[in-house]
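Participant:
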Amino acid sequence: MKDKDEFLKQMESLQVPQVDPAKHQQMVKMAIMNAGRSATLGVWLIVVPCYFLLCVCMYYYFHVHTTWFGALFQLIISLDKTPGFDFMAPVVLFVLPIIAIVINSLAITHFQFNGANKVKEFNITIKIKFLNILLILISLLIIGVFISFSMVQNISISN
Amino acid sequence: MKLNWFTRKGLIYWPASIIGWVILVLAAAYAVYTFIDIDSRSHSGSDTMINFVFNLLIIGLVYTTVAYFTEARQQIHRHDDE
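Sequence order for the protein chains is U and H.
The first sequence runs contiguously to residue 1495 in this note's numbering.
The second sequence runs contiguously to residue 833 in this note's numbering.
(1) Out of 1478(U), 1343(U), 1486(U) and 1412(U), point me to the one whose CA is closest to residue 1433(U)'s CA.
(2) Please list the terminal residues of the continuous beta strand (DSSP E) segment that includes residue 1449(U).
(3) Determine the direct distance from the alpha carbon of residue 1394(U) to that of residue 1451(U), and round the result to whole angstroms.
(4) Step through the CB atoms of chain U and report whether any lies within less than 9 Å of the CB of residue 786(H).
(5) Could you tell me if residue 1487(U) is buried or exposed, where buried requires 16 or more neighbouring beta carbons within 10 angstroms of its beta carbon?
(6) Between residue 814(H) and residue 1480(U), what straight-line distance do the alpha-carbon atoms span, to the nearest angstrom?
(7) Tell me which residues of the segment 1366 to 1379 of chain U have at least one Cβ-Cβ distance to chain H shorter than 8 Å, keeping chain order.
(8) Please work out which residues of its chain come closer than 7 Å, Cβ to Cβ, to residue 1369(U), disregarding the five sequence neighbours upstream and downstream, and give them in chain order.
(9) Anyone know if the C-beta pair for residue 1382(U) and residue 1474(U) falls short of 9 Å?
(10) If we cut at 9 Å on Cβ distances, does residue 816(H) have a partner in chain U?
(11) Should residue 812(H) be flagged as near chain U, meaning a C-beta pair shorter than 9 Å?
(12) For residue 1386(U), I'd like the list of residues in its chain whose CB is within less than 8 Å of its CB, leaving aside the five on either flank, ordered along the chain.
(13) Please state whether DSSP places residue 1468(U) in a helix, a strand or coil.
(14) Quick check on this structure: which residue in 1463(U), 1341(U), 1428(U) and 1409(U) has the alpha carbon closest to the alpha carbon of residue 1492(U)?
(15) Any Cβ of chain H within less than 9 Å of the Cβ of residue 1384(U)?
(16) Which term fits residue 759(H), buried or exposed, when burial requires 16 or more other beta carbons within 10 angstroms of its beta carbon?
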């Protein structure tokens, strides 16, 4: 009988783990965008500038006396001459990769602010999603190509 | 407002309703029209293909963007999706 009472007391004094549903909701909300959806749109945002750069590479390969930037310059000039397509080069080589970087970064980055403790913490977590990271890297490469092209063009015009 | 026009399988959006199918058919018809239009003005086969592929990719981008915003959402999302 005594053992039973002790057992009941022990059972009553057990600390049950508490799950705070509000906190759990907050964690779920931190996933700003879906990684799969972002990757799908990101692929299409990257394919167009990649195709453009592939055309530049082909132009460079088949024209012996031109430089790589010369080939890029020629193709952008030809786009500028096409009616309705004169704004396409910056859009294709700069705006689309920027959008791809933003949506893929939001898909793999999680922010968490913990202000309850004495030391307030702001945690940034990056999920290892290879497709999203690959798309971000390719987008950065395309933007780098466009920025370096713009710099070379400005320097050559000023000289 | 929930629009369940498309569903995603891998990296491609497929129509999930009549409106989705209409958009897909319109995109395909416009792609065919651009091919005929470019082919009538181009000087060679490669000229046609280079310009057509560029237009085709832009049509695909617009189609995917429309599908992205009108995708059928699942009710329960796991935190660690896909």
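Ideal placement from N, C-alpha and C gives every residue a C-beta, glycine not left out.
Facilitator: Based on what the coordinates show:
(1) 1478(U)
(2) 1445 to 1450
(3) 55 Å
(4) no
(5) exposed
(6) 27 Å
(7) 1367, 1370, 1371, 1372, 1373, 1375, 1376, 1377 and 1379
(8) 1439, 1442 and 1443
(9) yes
(10) yes
(11) yes
(12) 1474 and 1478
(13) helix
(14) 1409(U)
(15) yes
(16) buried
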